[in-house]
Amino acid sequence: MKTILMITLLAASALSLAAQPNANEIMKKSRDQAKVSGLESRTKLEIHDGKGNTRVRETTMASRTFPDGTEKRVIVFLAPADVKGTSMLIFDYDKKEDDMWVYMPALRKSRKIVSSEKTKSFMGSEFSNSDLAVGNIDDFTYTLDGTESVDQQECWKIIMLPANPQIATDYGISSKVTWIGKKDYITRKVVFLDASNTPFKEMYFTGIKLLDPATQKYFVTHMVIKNLKNNRFSEMNMDQISLNKAVKEEFFTLSFIEKQ
Amino acid sequence: MFRFFFALLACILLFLPAKTQGLFESGLNNTGKNNTSQMILSGYTRAAGYIGLNKETDPLLHSLYSETALRMKATSGARGQAFADIRFRTGAEFGKAFTEIDVREAYADLYLGKFDLRAGKQISSWGRADGFNPTDNLTPKNYFVRSSDPDDMRLGNFMLRGRLKPWSFLIIEADVVPWYIPSNYRFDLVDMPDFVTIESPTHPGYIWDKSTVAAKLDLILSAAEGSVSWFSGYDPMPVLRPGALPNPPFTDFSLSLYQVPFRQQTLGADFATIILKTGLRGEFAWKKPIVSEEPDPLLPAEEIQWVLSLDREFGPLRLIASYNGKFIPGFTPADPPAAFDPAMLADSSLWPYLGPMLTGQIGNYNRVLFDQTNEWSHTVMVRPSLTLLHETLELEVNALYNISTSEYLLYPKVTWHISDGVRAEIGYQYYEGGDYTRFNWIRKVFNGPFCEIRINF
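Residue numbers (this note's numbering), protein chains in the order written: chain A, 172 to 431; chain B, 526 to 982.
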């Protein structure tokens, strides 16, 4: 009788494990969900210093995924006035370091820059460059740590550990915990842990919109990141967003960013 | 001719079909609306003060001025764009009051698919290296502008620029400069003998038959990018030439020096790549003055110049280092200019030698001006900059040392971004060099602290 009970319990456990995808599959689906063939948006970045002062950066952005899997992005700064006209061109490759160029009106020429400064702050905000990039899936190992509810949405809770110490140094973290919606595979929350395994940043994703009902593409339009050590926080709000498979190829050229 | 050209350009723009814009393009027009024609106004107002601390210099406050820049960009669908940068300045520069309006740039762009055309007064900037750009010869420069923004050194010039982009990785550029504008070098502020008068630059006028022409081919690949270029025409920096000598006897001896443009050919190349998280850039130029007759001792010699620069970020610290080398083939050493006293002309036996002697003297000044006093010269530049307090405070030092002439520059600067669009800067420029060096010429008028408050809009 005990043997039958044991077999039944093991079978039930195995069925339960088979029912839920593993962490790698969830992450891959989540990344695929974020991929679109073409996108245009206007974004407002608000940087709050925790003392009531706010700085605002506005950008317009276009991206397009090409048949070889390369996602090309062009970002043009619209405000404030002292960075207006500054433009970035990014070629995001799956298998190698990104190519990145920046055009600054005062220099009057585009400049190829190193794209690997993952911990560097994005425009003085609490977002780092890596927080806003898709990143290489092999940079981390993933472990499913059950399910939790975030914003009344049932989510997978996944522990992300850097694949090696160098990657940990590059990202400036010891680990990340990510909550991904079970229904739409959209990331809802990320907590960043420092070298002493203490949370130091929290990022929340809200304003999730269904952009393309045909392909069930959802998109995050509002991100907030909080620095738990100094109370600074930054918000990124995509106030306008549209899918556009036919984003012009000429946008993703140095000639184009040098026109701005 | 220009009037005809602009009329033609306007007609072409008028009859090209307007295209509707997507969200991204309408965002560029800063409206968010799907309009095809927009005008955007931006600019800044700043107040700047440069203080001279050299005991020999009077007045103490060299330059104090206010400036407003108005930048207008008008787009006409995806086919054309017009841009103007107009500067209104008032104050005192190097102790002299002034009020001026400068149309720094005013040009029209025409976009015809893979071909772009830009016509009008514009600024061109060539060269991928940091600190030194020997291939950058199209745009004249104001070497005596009092501004902490290096771009303010560039002067607009009338040009016609065409760019063909057959593929995204290839850009072929051709330029024509039919109107010569010289670089500005304030010889009147440089110590010269009392009997010398510096005249305004001579101007060849419209030079359709001898236009400056240039071409560049840019190749942009993922691993590296670079260009090869060619320039033939008037070098923006004129040479000094003596006017007619007075007839003997030389009572009240005086000499006028003219700034005269000369033609030059330049072959150039540059590259940029990323290796081990470090930006590596280089530039090369071979320059040869065009001499129609016999060798001209007042012209700069043929030269070969090369630049290698690195840039790397270490967290908030960014380091740019650059090396600039120069070689003069067939270099002939020359003694530094000897002191010339017109009193010696009382000896009539010296009169036949006066012309060659003055030519030699002025030729030496030109050698200093074009940095050709050594067969080989080596200059290093280091620029560390630190960004702190969430990118609101920038500390920067620009240090330059010419190993061959022992000239050096120390230029620390602090920039505080007080709020969006508002910034304050303080800094100090310190040039030093031995006799008959450029930095020795300018140190008296440049050395000292400065401050600037600027509001962008």
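Beta carbons: idealized from backbone N, C-alpha and C, even for Gly.
Quick one: measure Cβ to Cβ for residue 738(B) and residue 701(B), integer angstroms, because I've assumed they're closer than 8 Å.
By one-based count along the second sequence, residue 738(B) stands at place 213. By one-based count along the second sequence, residue 701(B) stands at place 176. With a Cβ gap of about 6 Å, residue 738(B) and residue 701(B) count as contacting.
Can you list the residues of chain B that residue 413(A) reaches, using a CB-CB cut of under 7 Å?
The residue labelled residue 413(A) in the question sits at position 242 within the first sequence. Residues of chain B passing the Cβ test: 548.
When the Cα of residue 822(B) is compared with those of 750(B), 787(B), 619(B) and 776(B), which residue comes out closest?
Here residue 822(B) refers to the residue found at position 297 of the second sequence. Cα-wise, what sits closest to residue 822(B) is 787(B).
Would you check if the distance between the CB atom of residue 946(B) and the CB atom of residue 277(A) is smaller than 8 Å?
Residue numbering aside, residue 946(B) sits at position 421 when the second sequence is read from its first letter. Residue numbering aside, residue 277(A) sits at position 106 when the first sequence is read from its first letter. Going by C-beta atoms, residue 946(B) is not nearer than 8 Å to residue 277(A).
Could you work out which residue in 658(B), 748(B) and 697(B) is closest to residue 851(B) when comparing CA atoms only?
For this step, residue 851(B) is matched to residue 326 along the second sequence. If we check each option's Cα against that of residue 851(B), 658(B) comes out closest.
Indicate whether at least one CB of chain B lies closer than 8 Å to the CB of residue 301(A).
Here residue 301(A) refers to the residue found at position 130 when the first sequence is read from its first residue. For residue 301(A), not one C-beta of chain B is nearer than 8 Å to its own C-beta.
Can you tell me the Cβ-Cβ gap for residue 618(B) and residue 591(B), rounded? I've got them flagged as a contact below 8 Å.
Counting from one through the second sequence, the residue named residue 618(B) turns up at place 93. Counting from one through the second sequence, the residue named residue 591(B) turns up at place 66. No, residue 618(B) and residue 591(B) are not in contact; Cβ-Cβ is about 12 Å, not under 8 Å.
Are any of the Cβ atoms in chain B nearer than 8 Å to that of residue 232(A)?
Taking the first sequence and counting its residues from 1, one reaches residue 232(A) at position 61. Closer than 8 Å: yes.
So with CB distances below 9 Å, who are the chain B contacts of residue 371(A)?
By one-based count along the first sequence, residue 371(A) stands at place 200. What residue 371(A) touches in chain B: nothing, since even the nearest Cβ is about 15 Å away.
Reduced DSSP category for residue 557(B) - H, G, I as helix; E, B as strand; rest coil:
Looking up residue 557(B) in the second sequence gives position 32. Confidence at residue 557(B) is low in this model, with a pLDDT of 49, below 50, so its placement is unreliable and the value that follows should be read with caution. Coil at residue 557(B), not helix or strand.
Give me the residue from 392(A), 426(A) and 333(A) with the minimum Cα distance to residue 359(A).
Residue numbering aside, residue 359(A) sits at position 188 when the first sequence is read from its first letter. The residue with the shortest Cα to Cα distance from residue 359(A) is 392(A).
Residue 861(B): buried (16+ other C-beta within 10 angstroms of its C-beta) or exposed?
Taking the second sequence and counting its residues from 1, the one referred to as residue 861(B) is at position 336. Residue 861(B) should be labelled exposed.
Cut-off 8 Å between Cβ atoms - residues of its own chain near residue 722(B), not counting five sequence neighbours on either side:
Against the second sequence, residue 722(B) aligns to sequence position 197. Once the five neighbours on either side are set aside, the close Cβ partners of residue 722(B) are 779, 780, 781 and 782.
Out of curiosity, what's the CA-to-CA distance linking residue 308(A) and residue 405(A)?
For the purposes of this step, residue 308(A) is taken as the residue at position 137 of the first sequence. For the purposes of this step, residue 405(A) is taken as the residue at position 234 of the first sequence. For residue 308(A) and residue 405(A), the distance between alpha carbons rounds to 25 Å.
Where the alpha helix (DSSP H) containing residue 199(A) begins and where it ends:
Your numbering for residue 199(A) matches position 28 in the first sequence. Unbroken alpha helix (DSSP H) run through residue 199(A): 194-205.
Please tell me whether, using a cut-off of 7 Å, the distance from the CB of residue 973(B) to the nearest non-hydrogen atom of the ligand NAP is below it.
The model on display carries no ligand, and the ligand NAP is accordingly not part of it.
Endpoints, the beta strand (DSSP E) within which residue 966(B) is located
As a first step, residue 966(B) must be located in the second sequence, where it is residue number 441. Counting along the chain, residue 966(B) falls outside any beta strand (DSSP E), though it belongs to the alpha helix (DSSP H) covering 963-971.
Check for me: the alpha helix (DSSP H) holding residue 341(A) runs from which residue to which?
Position 170 of the first sequence, counting from 1, holds the residue named residue 341(A). The continuous alpha helix (DSSP H) containing residue 341(A) extends over residues 336-342.
Sequence-distant residues of the same chain with beta carbon closer than 8 Å to residue 656(B), five excluded per side
Locating residue 656(B) in the second sequence gives position 131, counting from the first residue. Excluding positions up to five away in sequence, the list reads 832, 834, 845, 847, 849, 906, 908 and 925.
Would residue 676(B) and residue 279(A) qualify as a contact pair, given that the criterion is a beta-carbon distance under 8 Å?
The residue given as residue 676(B) occupies position 151 in the second sequence. The residue given as residue 279(A) occupies position 108 in the first sequence. If you check the CB distance, residue 676(B) and residue 279(A) come in under 8 Å.
Please classify residue 877(B) as buried or exposed, where buried requires at least 16 neighbouring CB atoms within 10 angstroms.
Taking the second sequence and counting its residues from 1, the one referred to as residue 877(B) is at position 352. Exposed, by the Cβ-count rule.
Pull up the DSSP beta-bridge partners for residue 232(A), would you.
Walking along the first sequence from the start, residue 232(A) turns up at place 61. For residue 232(A), the beta-bridge partners assigned by DSSP are 212(A) and 246(A).
Helix, strand or coil at residue 425(A) according to DSSP, with G and I counted as helix:
As a working mapping, residue 425(A) is identified with position 254 in the first sequence. Helix, per DSSP.
How long is the line joining the alpha carbons of residue 681(B) and residue 692(B), rounded to whole angstroms?
For the purposes of this step, residue 681(B) is identified with residue 156 of the second sequence, where counting begins at 1. For the purposes of this step, residue 692(B) is identified with residue 167 of the second sequence, where counting begins at 1. Rounded to the nearest angstrom, the two C-alpha atoms are 29 Å apart.
Please report whether the beta-carbon of residue 273(A) lies at a distance below 8 Å from any beta-carbon of chain B.
Mapped onto the first sequence, residue 273(A) falls at position 102. So no, residue 273(A) is outside the interface.
Throw me the rounded Cβ distance for the residue 684(B) and residue 663(B) pair, which I believe falls under 8 Å.
In the second sequence, residue 684(B) corresponds to position 159, counting from 1. In the second sequence, residue 663(B) corresponds to position 138, counting from 1. Confirmed, about 7 Å.
Residues, ordered as in the chain, of the segment 942-956 of chain B that lie near chain A by beta-carbon distance below 9 Å:
942, 944, 945, 946, 947 and 948
What is the DSSP secondary structure of residue 717(B), counted as helix, strand or coil?
Residue numbering aside, residue 717(B) sits at position 192 when the second sequence is read from its first letter. DSSP places residue 717(B) in coil when its eight states are reduced to three.
Measuring only the C-alpha atoms, how far is residue 557(B) from residue 409(A)?
Here residue 557(B) corresponds to residue number 32 of the second sequence, with the count starting at 1. Here residue 409(A) corresponds to residue number 238 of the first sequence, with the count starting at 1. Here residue 557(B) scores only 49 on pLDDT, less than 50, and its place in the model is too uncertain to base an answer on.
DSSP beta-bridge partners of residue 562(B):
In the second sequence, the residue the question calls residue 562(B) occupies position 37. Paired residues: 601(B).
Beta-carbon of residue 435(A) versus every beta-carbon of chain B: anything under 8 Å?
The first residue shown for chain A is 172 and the last is 431, placing residue 435(A) beyond what the model contains.
According to the neighbour-count rule (16 or more other Cβ atoms, all chains shown, within 10 Å of its Cβ), is residue 758(B) buried or exposed?
Taking the first residue of the second sequence as position 1, residue 758(B) is located at position 233. So residue 758(B) counts as buried.
Using a Cβ-Cβ distance under 8 Å, would residue 337(A) count as near chain B?
Looking up residue 337(A) in the first sequence gives position 166. Chain B contact via Cβ: absent.
Could you spell out the range, first to last residue, of the alpha helix (DSSP H) harbouring residue 290(A)?
The residue given as residue 290(A) occupies position 119 in the first sequence. That residue, residue 290(A), is in no alpha helix (DSSP H); it is neither H nor E in DSSP.
Judging by CA-CA distance, which residue of 696(B), 974(B) and 724(B) is the nearest neighbour of residue 471(B)?
Nothing can be reported for residue 471(B), as the shown portion of chain B is limited to 526 through 982.
Going by DSSP, what residue range makes up the beta strand (DSSP E) through residue 642(B)?
Taking the second sequence and counting its residues from 1, one reaches residue 642(B) at position 117. That run of the beta strand (DSSP E) goes 640-647.
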